[in-house]
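The structure appears below as C-alpha cells.
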Amino acid sequence: MGENVSAIVSAIVSGVLIGCFYTIVGLGISLIYGVMKVTNFAHGDFLMLGGYIAFLLYASFNLNPFLSIPIAMATLFIIGLAVYEAVVRNLMKTRNPEESSLIALYGMSISLSAFYFILCGADYRSIPYTLPVSSISILGTKFLTTWVLGSALSIAIALGLFQFLHRTYTGKAIRAVISNVDEARCSGIDVNQVCRLAFAIGLAVAGVAGAMLPLFQQVINPAGGIQYTVLAFMVACIGGLNNPLGVTIGGLFVGVCQSISNFILPGYMWPLVLALIAIIILSIRPMGLLYR
0 MGENVSAIVS AIVSGVLIGC FYTIVGLGIS LIYGVMKVTN FAHGDFLMLG GYIAFLLYAS
60 FNLNPFLSIP IAMATLFIIG LAVYEAVVRN LMKTRNPEES SLIALYGMSI SLSAFYFILC
120 GADYRSIPYT LPVSSISILG TKFLTTWVLG SALSIAIALG LFQFLHRTYT GKAIRAVISN
180 VDEARCSGID VNQVCRLAFA IGLAVAGVAG AMLPLFQQVI NPAGGIQYTV LAFMVACIGG
240 LNNPLGVTIG GLFVGVCQSI SNFILPGYMW PLVLALIAII ILSIRPMGLL YR
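Position one of the sequence shown corresponds to residue 0 (numbering that gives the first Met the number 0), numbered consecutively onward.
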C-alpha cells in the first residue's frame, strides 16, 4: 500500500514538472488567438524551429545549449514580426480571417516540416544538456535534473510573461485587445501594433519551448511539430484559450493526467486518454475551465 501511494505521489510530481513545460507550449498559441482570433496551426513547427536553432548552434559552434535559449527566443521574435507583416496582416483583412489564417498557417506548417527535413534529414537529433548532477530528490523520489531545471525555467518564463502583461503599457494594451478589441481601438490603442507584437511574442515563447524541448524529450525531429500544435491546442482549450492563467492550469492538469495515465496504462494510450479528457471538459465548459 505504501509503495503504491509513493508511486502515485511520484507520478503527480512528475506530472507537475512536465506540466510546467506544457504551460509555455500553450501560452504562445493562447496569446495569439486571444489577441487576433487567429489559429496558428504552425505553432508546433515554429517550436521545432527553436529546437533546431539550439541543435545547429551546438553542432556548429559547440555552444552551450542553455545559451541557445535566448538566441532562439530573439530569432523567433524577429521571424514572428516578419511572418505577421508578410502573411498574417493581410489575412486579417479578408472576409473570413480565421479560415484564411488556418489554411495559410497550415501550409506554412507543412513547408517548415519539409525545410527541416531538407536541412537536417529525417533522423532524430539530440542535444546533450550536461549537468554536474544527473538527478534531484523530491519527496523521496529522484527526478532527472534536466526535468527539474526545465520546469524551473518554464515557471520563470511564464511569470515573466504574466508580469509583462500586467505591469507594462504594452502588456495592458494586449490584455485590453483580448478583452474587447473595439473598446481598445476606441480608447486609442493601436490594434495593428498590438497584433504584431502579440504574434511575435507568441512565436518567441514557442522558440523558447523548442530550445528547451531536449531537456524533457531528449530528441527533435522534422515531423514532430504537429504533435506540439495539437498539445498546445489541448492545453489552451482545456484551460481557456484567451486566459494565460487558464493555460497555466491547463498545462499542469494535462501534465499530471499524462503522468498518472502512463502509470496506470501503456504509454501509447495517452493520446486517447487526452482526447477523452478534452471531450468531457469541453462538453461541460465549452470555452475552457477559466474562459473569460
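Backbone N, C-alpha and C fix where the C-beta goes; we use that ideal spot for every residue, glycine too.
Alpha carbon to alpha carbon, what distance is there between residue j and residue i?
i, j, result
"R195", "G49", "20 Å"
"H42", "S178", "23 Å"
"I117", "T167", "41 Å"
"Y32", "L281", "18 Å"
"T93", "T38", "15 Å"
"I237", "G266", "21 Å"
"S9", "I135", "13 Å"
"L244", "S110", "32 Å"
"M35", "Y21", "22 Å"
"G120", "F114", "9 Å"
"V255", "C185", "43 Å"
"L240", "M286", "7 Å"
Secondary structure at residue i, three-state DSSP: helix, strand or coil?
i, result
"V24", "helix"
"R124", "strand"
"V218", "strand"
"I188", "coil"
"T228", "helix"
"K171", "helix"
"L288", "coil"
"T140", "strand"
"S133", "coil"
So, under 8 Å CB-CB, residue i and residue j are touching, yes? Tell me the CB distance rounded to an integer number of Å.
i, j, result
"R124", "V218", "6 Å"
"A172", "V193", "5 Å"
"S258", "S13", "5 Å"
"L130", "T140", "Not quite, the Cβ-Cβ distance comes to about 18 Å (not below 8 Å), so this is no contact."
For residue i versus residue j, is the C-beta spacing smaller than 8 Å?
i, j, result
"S108", "A235", "no"
"A71", "G206", "yes"
"V246", "L26", "yes"
"A199", "F40", "no"
"I68", "A210", "yes"
"I126", "F54", "yes"
Do we get a CB-CB distance below 8 Å when we pair residue i with the residues of chain C?
i, result
"P243", "In the displayed structure, chain C is absent; only one protein chain is listed."
Could you tell me which of the options sits nearest to residue i, measuring between CA atoms?
i, options, result
"A155", "C19, V15, I11, W269", "C19"
"I137", "L16, G106, A197", "L16"
"N220", "S5, V24, D44, I11", "D44"
"G201", "P96, L164, F65", "L164"
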